[in-house]
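Data first, discussion second: the structure below is written as structure tokens.
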Amino acid sequence: MPYEWYRYLLAFFVILITVCERPRGKLGFAAALAGGFFADVFSEGYMGTHLLLFLVLVFAIKFILRHYVRFPTARAI
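Sequential numbering from 236 applies to the sequence shown in the numbering used here.
The structure is reproduced here in structure tokens:
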């Protein structure tokens, strides 16, 4: 139990990568797959739970960023 902090660190990096990339980018999904896989390998729970959780998290963030957040763009003067 004392070494469970890595899940939070992986989730933080997956969220950070997803938020910082372009809304149509695919790096967040790759980070979710890799992070979820390694979190599942090193945890004592069922295989696939973290992978599914991270993928749902990335889908939700991408959906919100794509449909509800508008980034400012520079206009030509």
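Heads up, the beta-carbon is just placed ideally off N, CA and C, and yes, glycines get one too.
1. Are the stretch 269-277 and the stretch 293-302 in contact at 8 Å, needing three or more beta carbon pairs?
2. For Ala266 versus Phe248, is the C-beta distance shorter than 8 Å?
3. Considering Tyr281, what are the terminal residues of the alpha helix (DSSP H) in which it resides?
4. For Lys261, does the count of other Cβ atoms within 10 angstroms reach 16, so buried, or fall short, so exposed?
5. Which term fits Gly280, buried or exposed, when burial requires 16 or more other beta carbons within 10 angstroms of its beta carbon?
Working from what's here:
1. no
2. yes
3. Neither: Tyr281 is in no alpha helix (DSSP H) and is coded neither H nor E.
4. exposed
5. exposed
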